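The structure under discussion appears below in the form of structure tokens.
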């Protein structure tokens with residue numbers, strides 16, 4: 001999906017993306033293009049180009065055939081999808097617990113997003129996780 005390019009930061013409909021991780025912790029939830037782009041800039045992302053991303057591509061948003069016959073996969077819940085700086089795709093997998101596996105289905109709920117972000121890194125997706133943790137004032141549990 002990241003091969004799809006957009007002229008601006010924002011939703012596929014031209015509207016705002018409700019991406020709470022691009023607003024500083026404790027700040028007013030202003031999802032305007034201008035405010036979210038300011039967050040991206042503060043994190044050191046390249047804001048000159050935007051690529052399409054689902055942004056919540058966790059296991060619960062993938063539907064796979066019970067018996068693999070056609071290789072069909074369904075992707076649901078595109079409410080946060082849109083055009084973002086390329087760095088945000090991998091960063092989101094590194095920081096967002098919404099992308100975790102269900103703790104009832106595995107002993108390692110972080111496995112999905114850990115493996116996805118590692119694969120993204122291998123194919124050239126940069127990330128700004130260290131900058132984000134400092135900027136967002138994230139404290140590891």
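Residue numbers (full-length UniProt numbering): 1 to 141.
In this text, a Cβ means the ideal position worked out from N, Cα and C, and glycines have one as well.
Computed from a predicted structure; not experimentally measured.
- Taking a contact as a CB-CB distance under 8 Å, the pair residue 88 and residue 53 counts as one, their CB atoms being some 7 Å apart.
- If you draw a straight line from the Cα of residue 100 to the Cα of residue 119, it is about 16 Å long.
- DSSP assignment within the region 23 to 96 yields the following whole beta strand (DSSP E) runs of 3 residues or more, N-terminal first: 50 to 53, 62 to 64, 73 to 75, 82 to 84.
- Per DSSP, the unbroken alpha helix (DSSP H) holding residue 118 starts and ends at 111 to 122.
- A straight-line Cα-Cα distance of about 8 Å links residue 5 and residue 49.
- Straight through space, the alpha carbons of residue 95 and residue 127 are spaced by roughly 10 Å.
- As the crow flies, the alpha-carbon of residue 97 is around 32 Å from that of residue 69.
- As a beta-bridge residue in DSSP terms, residue 10 pairs with 83.
- The C-alpha of residue 103 lies about 25 Å from the C-alpha of residue 132.
- Residue burial is scored here from C-beta neighbours: residue 117 has at least 16 other C-beta atoms within 10 angstroms and is therefore classed as buried.
- Contact annotation: residue 63 and residue 36 have beta-carbon atoms that are not nearer than 8 Å.
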